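Worksheet: one structure, shown below.
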Amino acid sequence: MTHPVFVVVGNVNRGKSSIVSTLAADDTVRVSPVPGTTRECREFPMRVNSEILYTLIDSPGFERARKALSWLEEHQSATSDRRKVVEEFVRVHKDSGEFPQECALLQPVLDGAAILYVVDGSKPFSPRYEAEMEILRWTAQPRMALINPVEKNASYQEWRSVLDQYFNMVRVFDAHLATFDQRIQLLVALRELREEWRSPVDRAIAILQDDRRRAAHESAVVIADMLVDMLVMVAEKPIPEEADPERFKPELRDKYHDKLRKREIKGQTELRKIYAHSDLEIDAGELATVEDDLFSEATWSQMGLRNAQVIAGGASAGALAGGVIDAGVGGTSFLAGTILGGMIGGAAAWYGSKKLPDVKIHILPNVGRSLRIGPMKNPNFPWIVLNRAILYHEVVSHRAHARRDKVNLVELQQGESRVSKLSSDLRMKIEKQFAILRKPRPLQAVQLQTEHAVRRNLVEPIEQALNQDTSESPKTAPAKPGLTFPGGAPSR
Ligand SMILES: Nc1nc2c(ncn2[C@@H]2O[C@H](COP(=O)(O)OP(=O)(O)OP(=O)(O)O)[C@@H](O)[C@H]2O)c(=O)[nH]1
Ligand SMILES: [Mg+2]
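Quick note on the working numbering: the sequence shown kicks off at 1 and runs consecutively.
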């Protein structure tokens, strides 16, 4: 056996597949409230760069543990090695079809896999579990019991005292709330199960931690690209020579918002992929879409930077402090003499507010008339987008793969602004790049070069911002004390 293998065993519907899913970082494992969801043993390797670090085998658990134990007891002689009797059990019943589930899970154990025995800590201990625990003890393979605290605040005292008799180690592990660090802590414990697994488990831990750093870096690249794309984004629409531009403005505004939203969704999809959460569903609920964020006073005060922070970050104070924004600002400087249009109809009311994003429409007389909206010049805009990206990253990077419920971003959204928590030094670095993009560059080649440089320069500070996230706080991932009960499994 080149890498550690763990067979996950336990009663029906106790969270076995959840443990497999979280430890293998695989959200394709079938986890469901329907008892008996897992019908046969299946391997789930934890792979990084196509190297298998360890394998989890999901199982349906025992079907007829008491009967199997009776068979074992009948067939052991006073001197016989209990493990040999288990081997005999599997040999005899493998093809007879009499104990298919028992044979399926015992075979890999006899081949050298360690055992992870899962119990639901919120259900009381019952002696009916003893038969399966006893069979596992007979195999003499390394085994750890995991108490899954499905319902919180349950007392595990009784479980602990029983499990301690059958297993080499007992841990509390919440497969649904475990963070990356808690997964690593469990691996650290698992390395003690078998002497010869120490080095492969150490290697697995080092590779997983390395991979985690790579993921944060890749996420920063994704977010930097998204920010630049959204900051320079425009929407255009050619209109007939004599047509009234007002007619087209609402449609153009919708198109612009749609483009912003789609670009954000693309970034979010890429973040999910980085953390192998391809099936993650977001419960948007009341969640503000980008444009709602931009047009909501609450968001401006909560989610972006406070005015003073933006100004301290080097942004133009004028846009925020100046009240009504002059419709001509920006446009005239890079499209001299071409501005015929004004504000967008639906958003006009907002133009009287100092919270207003700097959005304009230009009518370009070059190839006929054209309406244009964007790019967004308001200094707070990229901070709101960045804040949303940091929140999203927190969710996908820390969420256990066992969870199948939708992500409630609304709750997170109502939390504190992440960007305003960043150090002022980091904010300055990021704002400097945002400010560069706000300056229009008439030559397209220069503009593209600038965008390219900004994308590159944003990666490092954004990576730092992601690493400073606060998601290990109790709100998103309550820390669970890991309980260890060392000591062997005394024979009875
Ligand atoms: N809230 C919460 N729910 C959990 C936890 N562990 C498991 N569940 C839920 O319990 C149900 C059963 O979980 P599974 O992981 O499918 O359990 P299983 O032991 O593999 O079940 P079978 O394959 O049917 O034997 C699912 O609805 C899970 O979402 C937990 O730690 N917290
Ligand atoms: Mg299952």
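Glycine is no exception: its CB is placed at the ideal position from the N, C-alpha and C atoms. Keep in mind that this is a model prediction, so the values were computed, not measured.
Alpha-carbon spacing of residue i relative to residue j, whole angstroms
i, j, result
"Asp164", "Val170", "7 angstroms"
"Gly314", "Pro149", "Caution applies to Gly314, whose pLDDT of 37 falls short of 50 and renders its modelled position unreliable; the model cannot decide the point."
"Glu98", "Ala131", "17 angstroms"
"Leu437", "Arg427", "15 angstroms"
"Val454", "Val48", "31 angstroms"
"Asp326", "Ile384", "Its pLDDT being 29, under 50, Asp326 is placed unreliably by the model, and nothing is read from it."
"Ala140", "Lys84", "10 angstroms"
"Tyr351", "Ala189", "Caution is warranted here: a pLDDT of 27 is assigned to Tyr351, below 50, making its placement in the model unreliable, and no coordinate value can be reported."
"Arg500", "Asp27", "Outside the modelled stretch of the chain, which goes from 1 to 492, sits residue 500, for which no answer is possible."
"Leu442", "Glu451", "Inspection of the sequence shows that residue 442 is occupied by Pro rather than by Leu. Near 13 angstroms, if we compare the C-alpha coordinates of Glu451 and Pro442."
"Arg143", "Leu193", "7 angstroms"
"Leu422", "Ile462", "10 angstroms"
"Ile52", "Pro124", "37 angstroms"
"Leu448", "Asp229", "11 angstroms"
"Ile430", "Arg272", "24 angstroms"
"Ile207", "His176", "23 angstroms"
"Leu69", "Ala216", "49 angstroms"
"Gln268", "Leu466", "14 angstroms"
"Tyr156", "Asp120", "9 angstroms"
"Trp71", "Ser96", "14 angstroms"
"Arg128", "Lys67", "12 angstroms"
"Asn11", "Val92", "24 angstroms"
"Ala178", "Arg212", "15 angstroms"
"Asp508", "Ser278", "Because the chain in this structure spans residues 1 to 492, residue 508 falls outside the shown range and cannot be described."
"Ser199", "Lys432", "46 angstroms"
"Leu231", "Arg247", "26 angstroms"
"Ile274", "Glu236", "33 angstroms"
Bounding residues of the beta strand (DSSP E) (the contiguous stretch that carries residue i)
i, result
"Leu177", "Element bounds for Leu177: n/a, residue is neither H nor E."
"Ser423", "Neither: Ser423 is in no beta strand (DSSP E) and is coded neither H nor E."
"Val172", "Met169 to Val172"
"Pro238", "Ala235 to Ile239"
"Thr7", "Here residue 7 is Val; the residue named in the question, Thr, does not match the sequence. Here the beta strand (DSSP E) through Val7 covers Val5 to Gly10."
Residues near residue i in its chain [Cβ-Cβ closer than 7 angstroms; skip 5 each side]
i, result
"Trp197", "Pro4 and Arg191"
"Val221", "Val459"
"Glu87", "Leu110"
"Asn13", "Pro35"
"Ala224", "Arg455, Leu458, Val459 and Ile462"
"Arg404", "Val31"
Span of the alpha helix (DSSP H), counted from its first residue to its last, around residue i
i, result
"Lys259", "Lys249 to Ile274"
"Thr22", "Lys16 to Leu23"
"Leu195", "The question names Leu, but residue 195 in the sequence shown is Glu. Per DSSP, Glu195 belongs to no alpha helix (DSSP H) and is neither H nor E."
"Ala445", "Gln444 to Asn467"
"Arg372", "Premise fails: Arg372 lies in the beta strand (DSSP E), Arg369 to Ile373, not in any alpha helix (DSSP H)."
"Val385", "Phe381 to His398"
"Val162", "Gln157 to Tyr166"
Closest Cα partner of residue i within the set the options
i, options, result
"Phe180", "Leu422, Pro108, Val396 and Glu63", "Val396"
"Val90", "Glu102, His393 and Ala465", "Glu102"
"Trp138", "Lys152, Asp120 and Ala65", "Ala65"
"Gln464", "Glu264, Arg214, Tyr256 and Lys266", "Arg214"
"Glu73", "Ser278, Asn378, Glu134 and Asp111", "Glu134"
"Val162", "Gly36, Arg183, Ser126 and Leu280", "Ser126"
"Ile265", "Ile205, Arg253 and Leu227", "Leu227"
"Glu460", "Glu218, Pro379 and Ala235", "Glu218"
"Asn457", "Ala435, Gln444 and Gln468", "Ala435"
"Ser21", "Asn13, Phe44, Ser155 and Gly112", "Phe44"
"Glu242", "His93, Gly368 and His393", "Gly368"
"Asp210", "Arg253, Ile184, Ile223 and Arg399", "Ile184"
"Ala113", "Ile274, His393 and Thr2", "Thr2"
"Lys406", "Arg253, Leu280 and Glu251", "Leu280"
"Glu158", "Asp254, Ser122 and Leu231", "Ser122"
"Tyr392", "Asn408, Glu151, Arg160 and Thr37", "Asn408"
"Leu386", "Pro379, Ser370, Val419 and Asn378", "Val419"
Cβ neighbours of residue i in the same chain (closer than 6 angstroms, five flanking residues each side left out)
i, result
"Ala25", "Ala276 and His401"
"Lys439", "none"
"Met46", "Ala24, Leu53 and Tyr54"
Same chain, Cβ closer than 8 angstroms to residue i, five either side skipped, listed in chain order
i, result
"Gln76", "Arg82 and Val85"
"Val9", "Lys16, Ser59, Gly61, Phe62, Leu105, Ile115, Leu116, Tyr117, Val118, Glu132 and Leu136"
"Pro108", "Val5, Val7, Cys41 and Ile57"
"Lys233", "Checking the sequence shown, residue 233 turns out to be Met, not Lys. Within the same chain, Met233 has close Cβ partners Tyr256, Lys259, Leu260, Arg263, Gly374, Pro375 and Met376."
"Phe173", "Ile19, Leu146, Ile147, Asn148, Gln182, Leu186, Lys480 and Gly482"
"Lys39", "The identity of residue 39 in the sequence shown is Arg, whereas the question assumes Lys. Answer for Arg39: Pro60, listed in chain order."
Any chain B beta carbon closer than 8 angstroms to residue i
i, result
"Met428", "Protein chains in the displayed structure number just one, and chain B is not present."
Residue i CB to nearest heavy atom of ligand 4 below 7 angstroms
i, result
"Val7", "As far as ligands go, the structure on display features ligand 1 and ligand 2 and does not contain ligand 4."
**Report entry** Start-end ranges of the beta strand (DSSP E) lying completely within the segment 44 to 120, minimum 3 residues
**Finding:** Runs of beta strand (DSSP E) with 3 or more residues, each lying fully within the segment 44 to 120, are found at 51 to 58 and 114 to 120, listed in chain order.
Query raised in the report: Taking the runs of the alpha helix (DSSP H) that are 4 residues or longer, which of them lie wholly in the segment 117 to 155?
Result: Segments of the alpha helix (DSSP H) lying fully in the segment 117 to 155: 130 to 139.
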